[in-house]
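Report on the following structure.
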Amino acid sequence: MADDPQRNFRSAYYEKVGFRGVEEKKSLEILLKDNPLDLEKLSTFSQRFPLPSMYRIHVWKVLLGILPPHSDSHSLVGGYRKEQYQDIVEALEVMRYINSSTPSTHIYLRMFQLESQVLPRCSETLPPNEDFLAISRAMEEIVDDSIDCYWLIKCFINQFHIKFGDSLPHLPKSLEHYLSQEEPRLLNHLRSIGALPQLPYSLWFKRCFAGCLPESSLQRVWDKVISGSCKILVFVALEILLSYKIILTGNTRPEGVVKFLCNIPQENTDAIVTKAIDLWQKYCGNPNHAV
Amino acid sequence: MAREQPNVGDLLPLLETSDLQQLEEIRSLINDQLSTERGSMLLNALVDYFLETNSAQALHILSSVREPHDKHLLDKMNDCMAKPACRLPTLMLLGHVVRKQPSWIHKMARYPLLLSLLKCLKTDTDVVVLVTGVLVLITLLPMIPQAGKQHLWEYFDIFGRLASWNLKNPGHVSEVYLIHLHASVYSLFHRLYGMYPCNFVSYLRSHYSMKENMETFEEVVKPMLEHVRIHPELVTGTKDHELDPTRWKKYEIHDIVIECAKVSLDPKEASCEEGYATMPENFYPQAHLRAQDSTSSPYTDLHSSYGSSSSTPFSTPRQPLPPPLSLPPLSGTQSSSSYRSPQTSRRQNSNSELNSSCGGKDPLWSPSSLCGMATPPSSRGMSPNLELSHSASHLPSRFHCTSGGKGTPASSTPATSSPPPTLSDDFPVISLPANTVQSSPPRKDRRPGETSKPGLVRQEHVREMEKSGEGAANRDAGSAANVTMTLTELSVFVTKQELDLQLRTEKEREEAAITEELMKLTEDKQELPGLRGYDSPFFHTTETLTGRQTQNPTSSTNAHPGGPIREPRYAASTPDRAENASGGGAGDRAAASDRSAVDRSWSFQSGFTPIDHHLLRSPSAPDDDSSKFEMFSPSPCGKAPVPYESLFALALPRAASLFVGQKTSEAVHKAAMERLLQREEGLEDGEEEGVVSASPLEVLDRLVQQGSDAHDKVLKRLPLPSKSADWTHFGGSAPLDELHTLRSQLLLLHNQLLYERYKREQHAVRNRRLLRRIINATALEEQNNAMKDQLNLQSVDIVSLRDSLQVEQQRYRQLWDDRETVVTRLHSQIRQLQQSRDDYYTKNQELQSKLQECQKRMDDLEAELQTANNKVGHTGHLLNQMTVKLSNSESSQQQMSFLNKQLLLLGEAHKLSMQDAQQPGMSNTKETEMLRMSHMKEVDSLRQSLLAQGQKLEAAQQRAAELETLLSKKEHLIAEQKKFLEDVKCQAKAELQASDCRFQAQRRITQLLQTELLQLYSQVEMEAPAAAGSSSPPGGRAETRTHPDCSGVAAGGLHAVKQPNSPSPRDSPRGTNGSTLSPGQPKASGSSLPLGSSMNGAQDLTPPLLMEPSAPCPHAALPAADAPLTVGSYPSAKSFLGMKARELFRNKSESQCDDEQPPPRLAGLAHGLKTELCVEPGPAGPAAATVHAKEPPPEPRLRPLGQGSPHRKAGPGQVGVRGPSGPRCPRQQLKIMDYNETHHEHS
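First to last, the protein sequences are chains B and G.
At position 26 of the first sequence the residue is numbered 26 (full-length UniProt numbering), and the sequence of numbers has no breaks.
At position 173 of the second sequence the residue is numbered 173 (full-length UniProt numbering), and the sequence of numbers has no breaks.
So this is what it looks like as structure tokens:
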């Protein structure tokens, strides 16, 4: 690699001065040039480095299996996906589940329900799946194309549930564990005021912070989740707690704590995420598909 | 200012007020005015006021005028100088100002006042003005030395004019004035000579070389020249250098004054400083002796000239003198007083001389007071005899003074110093008790003899002189001459008066005692006139001697002898005196005090002091009786403490005082000796003594003394009121004139006094400086001593350090030596070691060279070894070859032996055969030959066939190799292909997954749609159950027909709804009608078969399929036979890869076939059902059509979606037809398999 004339000779210094991701784009491009894409490598890359936003959607799609590893069949599969989407939308329209005025997230929800065969009858009224809606709202912000958006939502949720469905219940425990390591006083405080069990775990772990963090920060978290790590969620939550520990320790009412955590200020989330990633890398070492 | 100006002017008269406070106020007012105002008004008023009133206060203010007013003051004075009337007061004012030495005095040279002063001096004829002016000029000269350059010749001219004045007396002024003038000219001479010697001498040379001036020179200037030394500047300096202003820069005013005094030989003028003090004493007598030798004749001339010159001073006293002569009657008291007065004067003189020798002048003494008292001297109270005797007694001394160059020591000491040597010689004798009487007589004998002789001679001489003086002067008085002489003596005393208060009181006491004494003496004297003649001179000489003794220790010792001598004499002459002395002790005390006064200056003889004190003080009575005491009494040692000397002792270091004392004693000794000689000489030829010229100052002194003497006498003799009447008696001139003369004389004296006072101040300044220098010097000396001590200490230190240094050096040397030895030893060791090292080196080298040789040898040996090895190997190889050859040869030998055996056998057989052949005959041979021939041919043909066979074999082998490579290539290709296939498989799988997903979705959709449909159906049925029959029979039938099934279908639908949960979706589709088509459909869409053909094929095939669903395979084989056309084209298009893909597909499809195998069966099982459906295609079509008709709304939308839509369209249209699509798949697979087979076959 070092002899590669195309590679920037400054690359060795970029990381030293903190510009991460300058060379990563190039290496990602190299990765993406492989004909049968190496999913392992891609996910490792995505775990280790932040994804350039211009390739993010593509990588996500590949990682989530929306696009096949073979770039030759991308167009074909893309066509399939598109047709499927259209078919479903058509069917839903025919069945009058949706109409032109239905919000896209609801369309996605119906579609997802249809695909997962849980679409309620028209007469039935199920409580809307808020997790899905939150994720879809976030995804809609991230992705422009509605087809991609739907597929990403669907695959993300599916993958998340398939992959981490088992470990989700353990995440609060590990959060406590890491919190006791990082800031035992805060943990004690939370425990003493009884806010610990009331923390917004569903917001954090089921929705993957959708609606909690702004999309620009969220997509970096999701990079890690999509590339196969749900521990990052724990660290993001930990970092949120650590960042606002002064406010949290000042707050003695669990409701107040929860309320605050549900509506954390959106200013320095980037820093929180960066720190969380650092923490995550610190604790989970070289994140090699660590769960 | 202008308003106040008159006020201040008016205030001026108030200066004379007696109120001190007011005076102070006015003075401060005027001073303020002067300090604030810059105008000249007030100053001019002050000057005018002064000129009018001669006010002392105004003078005081004027003389202390500050800088800005100097110009006005000088201008004003310049103006005043122009007026002859105020010239004198102006000059006096100027004199005061100049003596005050204001800071601006140096500007004088630039103001016209100096010029007018000079002009005045050159032109004026008033002696008083001249004298005053000259004194001012003399005072001014040192202050403006640089101005001499311009005015030098004017000074000289003034000098010349005034010098000649004496002789010519153009103004015909009284001669008294001339004395003053002469004195001032003398001072001017000194000043000019001291300051500008070269120029002055050259002036004198030029001026007095003229004949008309010769007389003046002889008379006036030459005597003056006698009183100066050769100025050093005459030797070293030049005229120009003298006038150089830079020369004067280093001098202060008093420096210049002293410089001038240095060159003077006149003790009254000269300073006794820096070696010059002793010089007059040392040199004077010699010079005098020389002078006596050389100028014996001029002396007379000089004397005569002196007489002429001094006649004027004498004249004044003489004027009153004649009357005494004419009035012989003398009261005893008068005579005594007269006698006393000279004595006192003498005494005073002696004291004054003492003082003058000390260089002191008493400020308390004012000549003016004396002069004031010096009203016409009245000496006529004296008896002529007495006078004579006195004159005789006085004369010698006076003449000594005059003849001795007038120098105080020179003149008088010689006279008295004659006894000292003898005395000193006789001292041991004197020291013996009761020797005094004996010793004194001889002395007495000798002295009187000696003194009487000169006295007589002198008297004669005086007479002569007086006569000459008479000749020269207007009046002459023989006895008066004596008086004048005494007067002159007194004047000297007066001018030089010490007037130490103490001395003064002592003197008065003395006087009192002496008067008493003399009262008696006079009687004795009268009784013993002969004695008197001896006595008085002697006495006087002793008196003078005591005076002289100030400088002369010997004379002082002599003085005492004088005392004792006198006393015995007195005792002899006046027995009362002894009593007097013993009883009252007044005279003794007086004498003692006198002596003490003398002694004070000679403290170095203090060894005698106690004795003296003892003898003279307390036991004054035994003085007379015990001559022993008298022996000691002469010792002049200061019985009283010596304040002055002790003061000096305090101020000076003792060394200095000792030095001074020693010096002076030496000098005095010398001088005394010489004077004695001179005196004796002078005694022998007494004439010469009187010839010595007197300094003008002395003359003036004498004049004053005489005046005061006369005044005394007159006072004594005359009652005060009668004083005025005396004038006519004495002078014979008008009293007014006389008064005027006297007044001006007084003025002159005053001026002179002021001048002298000024001089004294200059001396004081200088003394202070000298004292400071001395102090500095002593301090330095002390420092020097301290330094010397330090030096000594340090030298001691140095010595000790040097010793230690030597020790250290020795030690160092030792150490050095030790080190040297060690070093040498080490060096030798090093050398040894080096040598051994060198040896080792050489050995080492040898060994190395040996080693190298050995290595070389080793190499050689190794090479040899290698070659040997090679040889061995070679030989081994050869051996092997040989063994092979050997074995070969052995085998060949064996063969040989075998062949030999065979040969033998053949030979035997040949023999046998030969035998046989020979036996059967020839026919056999032909046959054999023929046989052989045929065999030969056979062999050839066989060989040829063998060759062909070999060639064939080779070709076959080549072919096999080729094929093998081809095979390997193909295998490689196959691997690649496999990889690619895998890739493609993955791709396809992914695609398949996608499509599967899509399919799933689609299925969900359809399910949903179906459920929707069912719902709708149920709704429809629910709405119109009754109207079912009226709608359409087939439809109704179908509905009825389907109804029973409907439950099944519903079940199936339900089943289908549940299907997602079931793991095997493909099993069930066949069970259901609607869903069976779905597997085929994707296949149909997945396969790339041309749609049209498949459609056609499907449409064509459907009937047979429907007809015989169980036997499609044989049928299918037929279309498969047609299919190769299409299929065959496929591989051609895709070539080898396509072939491989087919293989892959075949595998898949085989497996699929295995899976799909049941569907046909299932289809077969469901055949009954389908046939049922198919039996009524007609009604089914409309049914389908109805379904189809129902579908149109979605159709237009679906159609543009993709290629799948026609199928779907067809699908629903041919629900029943879908079934055969299942069998079609196997056929297709078969086709592929066929293709594969054909391909294999083909390849």
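Backbone N, C-alpha and C fix where the C-beta goes; we use that ideal spot for every residue, glycine too.
Nearest residue (CA-CA) to residue i, options the options
| i | options | result |
| --- | --- | --- |
| L114 (chain B) | G:T778, G:Q1007 and G:P696 | G:Q1007 |
| L168 (chain B) | B:D131, B:K206, B:F156 and B:P184 | B:K206 |
| Q745 (chain G) | G:Y49, G:Y1017, G:E864 and G:T132 | G:T132 |
| I158 (chain G) | G:I138, G:K911, G:N78 and G:L851 | G:I138 |
| L749 (chain G) | G:V65, G:G39 and G:V127 | G:V127 |
| V191 (chain G) | G:H254, G:Q1010 and G:L167 | The sequence as given places Arg at residue 191 (chain G); Val does not occur at that position. Selected option, being the one with the closest Cα: G:H254. |
| S202 (chain B) | B:G194, B:I193 and B:C212 | B:C212 |
Extent of the continuous alpha helix (DSSP H) run through residue i
| i | result |
| --- | --- |
| F260 (chain B) | P254 to C262 |
| R99 (chain G) | R87 to K100 |
| Q57 (chain G) | A56 to S63 |
| D79 (chain G) | E67 to A82 |
| T44 (chain B) | L39 to R48 |
| L171 (chain B) | L171 to E182 |
| V94 (chain B) | H74 to V94 |
| K206 (chain B) | Counting along the chain, K206 (chain B) falls outside any alpha helix (DSSP H), and DSSP gives it neither H nor E. |
| F132 (chain B) | E130 to I142 |
Rounded Cβ spacing between residue i and residue j (contact assumed at less than 8 Å)
| i | j | result |
| --- | --- | --- |
| A56 (chain G) | L12 (chain G) | Between L12 (chain G) and A56 (chain G) the Cβ distance is about 13 Å, and since that is not below 8 Å, they are no contact. |
| residue 293 (chain B) | G78 (chain B) | The question about residue 293 (chain B) has no answer, for chain B in this structure spans 1 to 291. |
| I277 (chain B) | I240 (chain B) | Contact doesn't hold; Cβ gap of about 13 Å is too wide. |
| V97 (chain G) | L62 (chain G) | 7 Å |
| H227 (chain G) | S264 (chain G) | 6 Å |
| residue 1247 (chain G) | T741 (chain G) | Nothing about residue 1247 (chain G) can be read from this structure; chain G reaches only from 1 to 1243. |
| D87 (chain B) | I1005 (chain G) | 6 Å |
Residue i - DSSP class collapsed to helix/strand/coil
| i | result |
| --- | --- |
| S264 (chain G) | strand |
| P142 (chain G) | helix |
| H161 (chain B) | helix |
| H227 (chain G) | coil |
| L213 (chain B) | strand |
| P197 (chain G) | helix |
| P36 (chain B) | strand |
| Y283 (chain B) | helix |
| T274 (chain B) | helix |
| G1181 (chain G) | Interpretation of G1181 (chain G) is limited by its pLDDT of 41, a score under 50 that renders its predicted location unreliable; no figure is taken from the coordinates. |
Selection of the stretch 968–986 of chain G by Cβ proximity to chain B, strictly under 7 Å: D983 and C986
Residues from the stretch 97–120 of chain B in contact with chain G, defined by Cβ distance under 8 Å: L114, E115, Q117 and L119
Contacting positions in the stretch 129–162 of chain B - beta carbon closer than 7 Å to chain G: none
Within 9 Å of chain G by C-beta, residues of the stretch 35–62 of chain B in sequence order: N35 and P36
Residues of the stretch 1004–1026 of chain G with Cβ closer than 7 Å to any Cβ of chain B, in chain order: R1004, I1005, L1008, L1009 and E1012
Interfacial residues, the stretch 986–998 of chain G to chain B, with Cβ spacing under 9 Å: Within the stretch 986–998 of chain G, the residues whose Cβ lies closer than 9 Å to any Cβ of chain B are, in chain order, C986, Q987, A988, K989, A990, E991, Q993, A994, S995, C997 and R998.
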